[in-house]
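To keep things clear, I will list the structure first and then write my remarks on it.
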Amino acid sequence: MNLTLHVWRQKGPEAKGQLETYQAKNVSEDQSFLEMLDDVNEDLIKTGKDPIAFDHDCREGICGMCSQVINGKPHGGQERTTVCQLHMRSFSDGDEIFIEPWRAKAFPIHKDLIVDRNALEKIMQAGGYTSCHTGGVADGNALLIPKPVADYAMDAAECIGCGACVASCPNSSAMLFTSAKVAQLAVLPQGKGEAKARVKSMTEELLAEGFGNCTNHYECQEACPKGINVKFIATLNREYLKSLV
Amino acid sequence: MILDGKAPTGPIEQSWDKHRFDMKLVNPANKRKYKILMVGTGLAGGAGAASLGELGYNVEAFCYQDSARRAHSIAAQGGINAAKNYPNDGDSIYRLFYDTIKGGDFRAREADVWRLAQVSNNIIDQCVAQGVPFARDYAGYLDNRSFGGAQVSRTFYARGQTGQQLLLGAYSALSRQVKAGTVKLHQRTEMVDLVVVDGVAKGITVRNLITGKLESHWGDAVVLATGGYVNVFYLSTNAMGCSVTAAWKAAKKGALFANPCYTQIHPTCIPQHGDKQSKLTLMSESLRNDGRCWVPKKKEDCDKPAAAIPEEDRDYYLERKYPSFGNLAPRDIASRAAKEQCDDERGVGPGKRGVYLDYQTAIDRVGESTIAERYGNLFEMYEKITDENAYKQPMRIYPAPHYSMGGLWVDYNCMSNVPGLFVLGEANFSVHGANRLGASALMQGLADGYFVIPYTIAGYLAGITPGTVKEDHPAFKQSVDETEAQVNKMLNIKGKKTVSELHRELGSVMWEDAGMARSDASLKNALKRIPEIRDEFWKNCNVTGEAGELNQQLENAGRLADFLEFAEVFAKDALHREESCGGHFRTEHQTDDGEAMRDDENFAYVGAWEFKGVGNEPELHKEPLKFENIKLAVRSYK
Numbered sequence: 001m002n003l004t005l006h007v008w009r010q011k012g013p014e015a016k017g018q019l020e021t022y023q024a025k026n027v028s029e030d031q032s033f034l035e036m037l038d039d040v041n042e043d044l045i046k047t048g049k050d051p052i053a054f055d056h057d058c059r060e061g062i063c064g065m066c067s068q069v070i071n072g073k074p075h076g077g078q079e080r081t082t083v084c085q086l087h088m089r090s091f092s093d094g095d096e097i098f099i100e101p102w103r104a105k106a107f108p109i110h111k112d113l114i115v116d117r118n119a120l121e122k123i124m125q126a127g128g129y130t131s132c133h134t135g136g137v138a139d140g141n142a143l144l145i146p147k148p149v150a151d152y153a154m155d156a157a158e159c160i161g162c163g164a165c166v167a168s169c170p171n172s173s174a175m176l177f178t179s180a181k182v183a184q185l186a187v188l189p190q191g192k193g194e195a196k197a198r199v200k201s202m203t204e205e206l207l208a209e210g211f212g213n214c215t216n217h218y219e220c221q222e223a224c225p226k227g228i229n230v231k232f233i234a235t236l237n238r239e240y241l242k243s244l245v
Numbered sequence: 246m247i248l249d250g251k252a253p254t255g256p257i258e259q260s261w262d263k264h265r266f267d268m269k270l271v272n273p274a275n276k277r278k279y280k281i282l283m284v285g286t287g288l289a290g291g292a293g294a295a296s297l298g299e300l301g302y303n304v305e306a307f308c309y310q311d312s313a314r315r316a317h318s319i320a321a322q323g324g325i326n327a328a329k330n331y332p333n334d335g336d337s338i339y340r341l342f343y344d345t346i347k348g349g350d351f352r353a354r355e356a357d358v359w360r361l362a363q364v365s366n367n368i369i370d371q372c373v374a375q376g377v378p379f380a381r382d383y384a385g386y387l388d389n390r391s392f393g394g395a396q397v398s399r400t401f402y403a404r405g406q407t408g409q410q411l412l413l414g415a416y417s418a419l420s421r422q423v424k425a426g427t428v429k430l431h432q433r434t435e436m437v438d439l440v441v442v443d444g445v446a447k448g449i450t451v452r453n454l455i456t457g458k459l460e461s462h463w464g465d466a467v468v469l470a471t472g473g474y475v476n477v478f479y480l481s482t483n484a485m486g487c488s489v490t491a492a493w494k495a496a497k498k499g500a501l502f503a504n505p506c507y508t509q510i511h512p513t514c515i516p517q518h519g520d521k522q523s524k525l526t527l528m529s530e531s532l533r534n535d536g537r538c539w540v541p542k543k544k545e546d547c548d549k550p551a552a553a554i555p556e557e558d559r560d561y562y563l564e565r566k567y568p569s570f571g572n573l574a575p576r577d578i579a580s581r582a583a584k585e586q587c588d589d590e591r592g593v594g595p596g597k598r599g600v601y602l603d604y605q606t607a608i609d610r611v612g613e614s615t616i617a618e619r620y621g622n623l624f625e626m627y628e629k630i631t632d633e634n635a636y637k638q639p640m641r642i643y644p645a646p647h648y649s650m651g652g653l654w655v656d657y658n659c660m661s662n663v664p665g666l667f668v669l670g671e672a673n674f675s676v677h678g679a680n681r682l683g684a685s686a687l688m689q690g691l692a693d694g695y696f697v698i699p700y701t702i703a704g705y706l707a708g709i710t711p712g713t714v715k716e717d718h719p720a721f722k723q724s725v726d727e728t729e730a731q732v733n734k735m736l737n738i739k740g741k742k743t744v745s746e747l748h749r750e751l752g753s754v755m756w757e758d759a760g761m762a763r764s765d766a767s768l769k770n771a772l773k774r775i776p777e778i779r780d781e782f783w784k785n786c787n788v789t790g791e792a793g794e795l796n797q798q799l800e801n802a803g804r805l806a807d808f809l810e811f812a813e814v815f816a817k818d819a820l821h822r823e824e825s826c827g828g829h830f831r832t833e834h835q836t837d838d839g840e841a842m843r844d845d846e847n848f849a850y851v852g853a854w855e856f857k858g859v860g861n862e863p864e865l866h867k868e869p870l871k872f873e874n875i876k877l878a879v880r881s882y883k
């Protein structure tokens with residue numbers, strides 16, 4: 001199939017960016033979206049032009065690097081699919097595809113489709129951990145964690161930290177991201193001891209980094225490639241209230 | 246030169262405990278005077294940086310991605326081994342030690358493997374304390390499953406995303422130290438050279454991947470936790486950015502590279518769809534707990550849908566060839582068995598390079614929902630890539646390059662022959678011998694990072710004065726100048742072929758000639774082709790853009806340039822090792838039934854290569870392997 005791409009190009013953080021148009025020719029259905037972009041880049045290189053810069057690494061949907069808004073939807077809008085897992089069989093011959101970076105005040109653009117997500121790191125550094133020192137901890141089976149609790153924590157822990165939730169939210173809130181870690185640790189006995197301090201410091205950091213607050217749009221859950229549920233935001237809100245008492 | 250691994254003497258059961266007592270310590274108040282550079286933030290690097298930071302050292306950690314949590318450890322799926330023996334099925338530290346040595350085809354150092362097995366239990370405890378959500382049973386106890394090469398259930402897991410959860414545990418510990426100020430993180434920063442002063446590692450040169458600027462960092466010790474090199478095959482299960490660069494730059498500064506030809510081909514990966522493929526996707530070995538590998542018995546059945554082939558016409562070849570391990574035969578054996586069926590023209594799927602991994606028996610036994618619970622995300626991943634539902638038709642899989650057992654040579658303290666240079670995790674050669682068992686990589690990364698390096702680095706640092714060499718030493722400027730010169734050289738080639746095209750060519754040669762089956766002829770062909778591709782790179786590659794900007798083509802070019810030198814040493818290692826062991830299979834050295842045939846009399850040693858410059862013969866140094874606790878035996882899984 002042959003496709004027309006409109007891709008956001010921007011030379012640097014201060015540069016004025018714009019959409020440029022490219023043709024993707026002879027694309028196979030079995031190719032992945034990024035392999036299709038690789039081909040476009042090979043053509044650009046061969047014709048002496050600057051290839052499109054985009055973040056990617058694992059190409060199997062787990063590292064959270066790839067971050068493209070495709071036709072207005074972070075990761076392209078297919079259920080539980082990251083950009084790198086998107087395959088060209090989801091498109092048809094003659095389609096026009098708009099490709100843009102994550103857009104949020106807290107995610108300044110480095111170049112083209114690559115953004116700076118260090119704000120998410122700062123949230124994690126503010127409290128996304130249990131303060132256990134290496135060594136000197138109890139036997140793994142000393143704490144019994146019933147299966148439903150372990151499963152709930154695992155559901156929350158599946159967040160890959162890509163930021164699609166931020167990109168899809170009208171307020172650019174990072175609540176889904178933050179709540180996933182808060183919820184995982186709040187339900188586990190290992191995390192309960194610091195739960196109050198954790199939720200306070202992580203939400204403070206979230207606001208300090210320039211993310212918006214949550215007004216219940218649920219766009220984040222819709223966009224999340226790992227199916228992280230807004231119920232974790234509810235958990236975070238509950239933990240936050242508990243911390244005030 | 247005969248190398249000394251400095252393994253402790255005496256009874257192996259006490260070896261690590263005794264060694265920890267014998268090593269010097271660094272006084273708590275003195276630790277903050279030492280600066281340690283950690284390159285790579287995967288399981289080994291993240292755990293190491295966090296643990297060293299907690300102890301009070303001044304740590305600077307580097308990763309090429311935008312976050313320490315992106316390291317490729319994140320993609321590991323199936324599980325982590327430990328000798329807890331919770332299932333009470335016969336496991337012990339000794340058995341894990343034994344299985345790992347045997348699994349490595351008797352080509353690893355005994356003492357290092359014993360230590361690995363011993364600390365494996367501490368790792369599980371540490372991860373639980375971090376809140377890693379391991380699978381648990383209904384009463385709340387940790388659950389286990391089996392992996393290849395073992396007859397006990399010793400693998401702890403978190404769905405099919407164990408690597409992710411373990412890495413996020415280490416990452417959270419690391420984040421705590423960043424907040425505490427003991428670890429400084431440099432993201433989007435790639436190590437491009439090792440700085441050695443008077444034979445001692447004293448720092449690194451890095452490239453800031455956003456600005457393109459080259460920067461110098463001094464350290465009292467340099468730790469490389471930079472992963473494996475199977476992207477030399479171009480198509481592998483590695484992430485796109487994984488490379489041999491950090492290790493290779495160390496090799497060019499004198500660090501010996503051990504057993505580079507020991508590469509692991511993982512038996513169950515999604516088959517290639519076409520020649521635009523950029524990487525291969527792993528389907529966890531844990532699937533072989535419930536999946537049965539088969540191909541049609543008759544060639545003419547290969548085009549039929551699987552459901553149309555009756556049971557009696559199916560060749561469950563692993564069960565046939567290896568009755569006692571069956572589908573859980575170790576990876577090297579399972580990979581060669583799959584290739585054998587396809588070479589016999591009984592492969593399935595497009596290109597006939599695939600075998601079936603069938604869950605029907607298990608689904609009939611425990612139900613689809615149980616299978617979904619154990620592997621859910623893996624089936625989903627498979628469907629996204631192939632558009633096939635593995636609950637309704639068997640998965641198609643084929644072997645793919647996955648892991649490197651070879652790596653920089655290190656002694657028992659994880660220090661290379663270059664003093665002050667430590668190497669952890671997949672980047673070193675130490676514990677997996679010629680074949681790594683499944684669920685052991687996660688174990689090794691965390692063992693090295695949490696429980697080995699904090700002790701062994703102290704033993705080294707206690708003997709040196711901190712901060713004697715800093716960035717103003719001329720060696721740093723020299724390194725930056727040399728790196729800049731190489732960068733400019735690449736940008737000025739202005740040829741016709743892209744980096745990808747040349748990388749694909751290298752990968753194709755390596756897969757055909759130095760992949761699953763190697764021969765004198767194939768390796769000599771590789772040794773002829775590699776320099777040809779390398780020459781073409783330097784004459785005809787088109788590296789776009791500038792040095793002083795975000796430039797992904799330049800990044801890829803630098804990594805390829807290193808692969809093009811490294812590949813030659815890899816092929817030479819394979820050619821010189823005239824035996825078959827683990828993942829290194831020489832067609833001239835096999836038993837009558839096609840199994841690897843070792844030559845313990847002549848090759849029971851670690852082959853550590855000293856690089857002597859492009860175009861010059863590398864020099865081989867040997868570390869003889871002594872097996873005092875395990876009897877050398879033919880490695881059989883029948």
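For the record, the sequence lines run as chains A and B.
For the record, in the first sequence the residue sitting at position 114 is 114 according to the numbering used here, with numbers rising by one throughout.
For the record, in the second sequence the residue sitting at position 421 is 666 according to the numbering used here, with numbers rising by one throughout.
We put the beta carbon where it would ideally sit given N, CA and C, even for glycine.
None of the values given here were measured: they were computed from a predicted structure.
Using DSSP's beta-bridge definition, name the partner residues of Val271 of chain B.
Translated into the one-based positions of the second sequence, residue 271 of chain B becomes position 26. None; Val271 of chain B has no bridge partner.
Is the number of C-beta pairs between the region 526-538 of chain B and the region 315-326 of chain B that are closer than 8 Å three or more?
A contact exists between the region 526-538 of chain B and the region 315-326 of chain B.
May I have the straight-line CA-CA distance separating Phe211 of chain A from Ile109 of chain A, to the nearest angstrom?
Position 211 of the first sequence, counted from the start, is the residue given in the question as residue 211 of chain A. Position 109 of the first sequence, counted from the start, is the residue given in the question as residue 109 of chain A. Rounded to whole angstroms, Phe211 of chain A to Ile109 of chain A spans 15 Å at the Cα level.
Could you name the residues of the same chain whose beta carbon sits closer than 7 Å to that of Arg117 of chain A, not counting the 5 residues immediately before and after it, in chain order?
Looking up residue 117 of chain A in the first sequence gives position 117. The beta carbon of Arg117 of chain A sits closer than 7 Å to those of Phe107 and Gly163, all from its chain and outside the five residues before and after it, given in chain order.
Is the beta carbon of Gly140 of chain A sitting closer than 8 Å to the one on Val373 of chain B?
Along the first sequence, one-based indexing puts residue 140 of chain A at 140. Along the second sequence, one-based indexing puts residue 373 of chain B at 128. Against a cut-off of 8 Å, the Cβ pair of Val373 of chain B and Gly140 of chain A comes out as a contact.
At a Cβ cut of 8 Å, what residues of the region 249-270 of chain B count as close to chain A, listed as they run along the chain?
The region 249-270 of chain B vs chain A, Cβ under 8 Å: nothing.
Which residues in chain A have a C-beta closer than 8 Å to the C-beta of His317 of chain B? List them in chain order.
Position 72 of the second sequence, counting from 1, holds the residue named residue 317 of chain B. Ordered by position in chain A, the residues that pass the 8 Å Cβ test against His317 of chain B are Asp57, Cys58 and Cys63.
Chain B partners of Cys132 of chain A, CB-CB under 7 Å?
Here residue 132 of chain A refers to the residue found at position 132 of the first sequence. Listed along chain B are Ala374 and Gln375, each with a C-beta nearer than 7 Å to that of Cys132 of chain A.
Check whether the Cβ of Lys867 of chain B lies closer than 8 Å to any Cβ atom in chain A.
Residue 867 of chain B sits at position 622 when you count from the first residue of the second sequence. Taking a beta-carbon distance threshold of 8 Å, Lys867 of chain B does not count as an interface residue toward chain A.
Can you give me the Cβ contacts of Met248 of chain A inside the same chain, cut-off strictly under 6 Å, excluding the 5 residues immediately before and after it?
Coverage of chain A is limited to positions 1 through 245, which leaves residue 248 of chain A absent and any answer about it impossible.
Since Met755 of chain B is in the beta strand (DSSP E), which residue starts that stretch and which ends it?
Here residue 755 of chain B corresponds to residue number 510 of the second sequence, with the count starting at 1. Secondary structure note for Met755 of chain B: it is in no beta strand (DSSP E), and the uninterrupted alpha helix (DSSP H) holding it is Val744 to Ala759.
Report yes or no: do three or more beta-carbon pairs, one from the region 683-696 of chain B and one from the region 479-498 of chain B, lie closer than 8 Å?
Contact fails: fewer than three Cβ-Cβ distances are below 8 Å.
Nearest neighbour of Ile233 of chain A, chosen from A:Lys147, A:Ile99, A:Gln10 and A:Val182 [CA to CA]
Here the question's residue 233 of chain A lines up with position 233 in the first sequence. Minimum Cα distance to Ile233 of chain A is reached at A:Val182.
By the 7 Å beta-carbon criterion, what residues does the region 780-802 of chain B contribute toward chain A?
Answer in chain order: Asn787, Thr789, Gly790, Leu795, Gln797 and Gln798.
Distance CB(Ala470 of chain B)-CB(Trp654 of chain B) smaller than 8 Å
The residue given as residue 470 of chain B occupies position 225 in the second sequence. The residue given as residue 654 of chain B occupies position 409 in the second sequence. Their beta carbons are not under 8 Å apart, which means Ala470 of chain B does not touch Trp654 of chain B by this criterion.
Helix, strand or coil at Phe307 of chain B [DSSP, three-state]:
Stepping through the second sequence from its first residue, residue 307 of chain B is reached at position 62. Assigned with DSSP and collapsed to three states, Phe307 of chain B falls in strand.
Closer than 8 Å by beta-carbon distance: list the chain B residues that pair up with Thr81 of chain A, in chain order.
On the first sequence, residue 81 of chain A is found 81 positions in, with the first residue counted as 1. Within chain B, the residues placing a beta-carbon under 8 Å from that of Thr81 of chain A are Lys629, ordered along the chain.
Of all the residues that make up the region 498-527 of chain B, which are near chain E by a beta-carbon distance shorter than 8 Å?
In the displayed structure, chain E is absent; the protein chains listed are A and B.
Are there three or more Cβ pairs, one per stretch, closer than 8 Å when the region 706-724 of chain B is compared with the region 755-774 of chain B?
Result no; under three Cβ-Cβ pairs closer than 8 Å.
Ser32 of chain A (DSSP reduced to helix, strand or coil)
Position 32 of the first sequence, counted from the first residue, corresponds to residue 32 of chain A. Here Ser32 of chain A sits in strand by DSSP.
Could you give the uninterrupted runs of the beta strand (DSSP E) lying entirely in the region 688-740 of chain B, keeping only those of 3 residues or more?
Runs found: none.
What residues from chain B crowd round Ala150 of chain A, counting only those whose CB sits closer than 8 Å?
Within the first sequence, numbered from 1, the residue matching residue 150 of chain A stands at position 150. Neighbours of Ala150 of chain A on chain B, chain order: Pro378, Phe379, Ala380, Arg381 and Gly385.
List the residues of chain A whose Cβ lies closer than 7 Å to the Cβ of Val423 of chain B, in chain order.
Indexing the second sequence from 1 puts residue 423 of chain B at position 178. Within 7 Å Cβ-Cβ: Gln125.
Where the alpha helix (DSSP H) through Gln410 of chain B begins and ends:
Within the second sequence, residue 410 of chain B is the residue found at index 165, counting from 1. Element bounds for Gln410 of chain B: Thr407 to Ala425.
Please classify Ser32 of chain A: is it buried, with 16 or more other beta-carbons within 10 angstroms of its beta-carbon, or exposed?
For this step, residue 32 of chain A is matched to residue 32 along the first sequence. Only buried fits Ser32 of chain A, as 16 or more other CB atoms lie within 10 angstroms of its CB.
Please decide whether Met202 of chain A counts as near chain B, where near means a Cβ-Cβ distance under 8 Å.
Counted from its first residue, the first sequence places residue 202 of chain A at position 202. Answer no: the Cβ-Cβ gap between Met202 of chain A and chain B never drops below 8 Å.
Alpha carbon to alpha carbon, what distance is there between Asp603 of chain B and Arg935 of chain B?
In the structure as shown, chain B begins at 246 and stops at 883. Residue 935 of chain B is therefore absent and cannot be evaluated.
Would you kindly work out how many angstroms separate the C-alpha atoms of Cys132 of chain A and Tyr240 of chain A, rounded to a whole number?
Translated into the one-based positions of the first sequence, residue 132 of chain A becomes position 132. Translated into the one-based positions of the first sequence, residue 240 of chain A becomes position 240. Cys132 of chain A and Tyr240 of chain A have their alpha carbons spaced roughly 22 Å apart.
What does Glu299 of chain B touch in chain A if you count any residue whose Cβ is under 7 Å from its own?
Taking the second sequence and counting its residues from 1, the one referred to as residue 299 of chain B is at position 54. His133 and Thr134, listed in chain order.
Within 8 Å of any Cβ in chain A, is that where the Cβ of Gln638 of chain B sits?
Looking up residue 638 of chain B in the second sequence gives position 393. Taking Cβ atoms only, chain A never reaches closer than 8 Å to Gln638 of chain B, which makes this a no.
What does DSSP give as the partner residue(s) for Met283 of chain B in the beta ladder?
Here residue 283 of chain B corresponds to residue number 38 of the second sequence, with the count starting at 1. Its beta-bridge partners are B:Ala306 and B:Val468.
Determine, using beta carbons only, whether Asn141 of chain A comes closer than 8 Å to chain B.
Reading the first sequence from its first residue, position 141 is the one you call residue 141 of chain A. Among the CB atoms of chain B, one or more fall inside 8 Å of the CB of Asn141 of chain A.
Run down chain B in chain order and give the residues with a C-beta less than 9 Å from the C-beta of Glu42 of chain A.
Position 42 of the first sequence holds residue 42 of chain A. Correct list: Thr743, Ser745 and Glu746.
Residue range of the beta strand (DSSP E) that Asn770 of chain B falls in?
Taking the second sequence and counting its residues from 1, the one referred to as residue 770 of chain B is at position 525. If you look at Asn770 of chain B, you'll find it isn't in any beta strand (DSSP E); it sits in the alpha helix (DSSP H) that goes Asp765 to Asn785.
Got a sec? Which residues, its chain only, sit under 6 Å from Lys251 of chain B by beta carbon, not counting five neighbours each side?
One-based indexing of the second sequence puts residue 251 of chain B at position 6. Within the same chain, Lys251 of chain B has close Cβ partners Asp656 and Tyr657.
Express the C-alpha separation of Lys73 of chain A and Met283 of chain B in angstroms, rounding to a whole number.
Walking along the second sequence from the start, residue 283 of chain B turns up at place 38. Walking along the first sequence from the start, residue 73 of chain A turns up at place 73. Cα-Cα distance, rounded: 37 Å.
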